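Note sheet for the following structure.
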Amino acid sequence: MRLFSNKRTPLAAWPVIMRVSCLALAFGLMLGFAGMTPASAQQAAPADESALLQQLKGAPVAGRVSIPDAKSGVLIQPQGREWRETLEGPVKSAGGWLLVITVVGLAAFMAIRGRIKIDSGPSGRTIERFSGIERFAHWLTAICFIILGLSGLNLSFGKTLLLPAIGPEAFTGLSSFGKLAHNFLSFPFVLGVLLMAVLWIRHNIFNAIDMEWFRQGGGLLQKGVHPPAGKFNGGQKIIFWSVVIGGIVLAVSGYILMFPFYGTDIAGMQLAQIVHAVAGIVMVAIILAHIYIGSVGMEGAFDAMGSGQVDMNWAKEHHSLWVKETQARVGGDD
-15 MRLFSNKRTP
-5 LAAWPVIMRV
5 SCLALAFGLM
15 LGFAGMTPAS
25 AQQAAPADES
35 ALLQQLKGAP
45 VAGRVSIPDA
55 KSGVLIQPQG
65 REWRETLEGP
75 VKSAGGWLLV
85 ITVVGLAAFM
95 AIRGRIKIDS
105 GPSGRTIERF
115 SGIERFAHWL
125 TAICFIILGL
135 SGLNLSFGKT
145 LLLPAIGPEA
155 FTGLSSFGKL
165 AHNFLSFPFV
175 LGVLLMAVLW
185 IRHNIFNAID
195 MEWFRQGGGL
205 LQKGVHPPAG
215 KFNGGQKIIF
225 WSVVIGGIVL
235 AVSGYILMFP
245 FYGTDIAGMQ
255 LAQIVHAVAG
265 IVMVAIILAH
275 IYIGSVGMEG
285 AFDAMGSGQV
295 DMNWAKEHHS
305 LWVKETQARV
315 GGDD
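Note that the sequence shown ends on residue 318 in our numbering; no numbers are left out.
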């Protein structure tokens, strides 16, 4: 019996071979589909794009990277979109309107009330209002805050207001300088805030005298009205606590952004950015009112932080209790 034959397969046998092959293939496919469950079949189906996005909603889309910084593998972070929309939407619009309303309100107050004069006129005699160290702490904080505030506002409103006016090259140079100034001047600003807190915190505790000062509008709304006040009146105490608390909030949130991912993740940095922006804009509005009253809004007020000496009649009208305490301490008279 020969195992191999040189004879060719007869043509009549080919239809039989084809039918057997098709039956075997069909039988194999039937076995494969019989082993698939409806769930596995559903998983094998192509994913719908909208369903995939809905499934990933709220979770970052990340890949794999070979470098040590695993955060660089994050391609899409949905919270980042919400963070950007919050900054560019409610924070920017509400902050802008707050600043506009503040400026318009101060201008209207100036037009209606006018400059607050010394009712009894200058006396020609002065009393020391603030010492050299107190003025140093004030101006250190004030100058730093002005630069910090302007450079911060440029981040929020510069592209809209400043870029069209000065052009891209000047805007780029100014913004780069503002970023450096914003980072480095934060340190002396914090030093100034802490120094003012140490020097003045005992004088800025609210009491019943401040409630009476608020009840009479601080003497700002009506001529000839001068409610008693100590070294700092109720309005100045609000400014003080706004600077101390706001300065701490700005410092903490700002340093989180300046030194990223030290003790926090991307979500913490996004929250710090929003807190920093809101606190900064509110602080700018408050300080605008402070600058107005301390300069053009009230006669004799600037001397307190200028030379440190104020007119005696001004002191008696706006800080009568402090004048009495000072004169009793040094043995002076009226």
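Here a beta-carbon is modelled for each residue, glycine too, at the ideal position from N, C-alpha and C. The structure presented is a predicted model; accordingly, all values stated were derived computationally and were not measured.
Between the beta-carbon of T125 and that of F171 there is about 12 angstroms, and that puts the pair past the 8 angstroms contact cut.
In this structure, S237 sits away from M267, with a CB-CB distance that is not shorter than 8 angstroms. Listed as beta-bridge partners of D194 by DSSP are no residues whatsoever. A contact is defined here as three or more CB-CB pairs under 8 angstroms, and the stretch 86 to 99 fails this definition with respect to the stretch 151 to 162.
The shortest CA-to-CA distance from S135 to any of I111, G202, F168 and S104 is the one to F168. Per DSSP, V259 lies in no beta strand (DSSP E); the unbroken alpha helix (DSSP H) holding it starts and ends at I250 to G278. Where D287 is concerned, the enclosing alpha helix (DSSP H) starts and stops at D287 to G290. Taking 8 angstroms as the cut-off, the beta carbon of A256 is found closer than this to the beta carbon of I240. Assignment of beta-bridge partners to V294 by DSSP yields I111.
In the DSSP assignment, G203 falls outside any alpha helix (DSSP H) and carries neither an H nor an E. Counting other Cβ atoms within 10 Å of its Cβ, Y276 reaches 16 or more and is therefore classed as buried.
In this structure, DSSP gives I100 an extended state, which the three-state scheme calls strand. The continuous alpha helix (DSSP H) containing Y239 extends over residues G218 to M242. With a cutoff of 8 angstroms on beta-carbon distance, A181 and W306 are scored as not near each other. Non-local beta-carbon contacts of L146 in its own chain, meaning distances under 7 angstroms to residues more than five positions away in sequence, involve N138 and F155 in chain order. Around the beta carbon of W197, 16 or more other beta carbons sit within 10 angstroms, so the residue counts as buried.
As computed with DSSP, M282 is found in a beta bridge with I100. Leaving aside the five residues that flank Q63 on each side, the residues in its chain whose CB is nearer than 7 angstroms to its CB run, in chain order, A251 and Q254. Looking at the backbone, the Cα of V88 and that of G202 are separated by about 21 angstroms.
Taken atom to atom, the span from the alpha-carbon of E112 to that of Q200 is near 26 angstroms. Beyond the five residues adjoining it in sequence on each side, H122 comes within less than 6 angstroms, by CB distance, of M289 in the same chain, given in chain order. According to the DSSP assignment, L124 belongs to the alpha helix (DSSP H) that extends over G116 to F141.
Between the alpha carbons of S304 and A312 lies a gap of roughly 12 angstroms.
Here L169 carries a coil assignment [DSSP, helix/strand/coil]. The Cβ neighbour count for G281, taken over all protein chains shown within 10 Å, is at least 16; the residue is labelled buried. Residue environment: F161 is assigned as exposed (fewer than 16 neighbouring CB atoms within 10 Å of its CB, all protein chains considered). Here G79 has I265 as same chain residues with Cβ atoms under 6 angstroms from its own Cβ, once five neighbours each way along the sequence are excluded.
Of all alpha-carbon atoms in R186, G133 and S104, the one lying nearest the alpha-carbon of I271 is that of G133. About 7 angstroms separates the CB atoms of V233 and V259; that is less than 8 angstroms, so the two are in contact. Secondary structure of I85 (DSSP, three-state): helix. Spatial neighbours of G218 in its own chain (CB-CB distance under 6 angstroms, excluding positions within 5 residues in sequence) are listed in chain order as D194, W197 and F198.
A direct Cα-Cα distance of roughly 13 angstroms separates A192 from F216. G284 sits away from I131, with the two beta carbons spaced by 8 angstroms or more.
Contact annotation, L71 with A235: C-beta distance approximately 20 angstroms; criterion of less than 8 angstroms not satisfied. DSSP, reduced to helix, strand and coil, places G315 outside both helices and strands of the structure shown, so it counts as coil.
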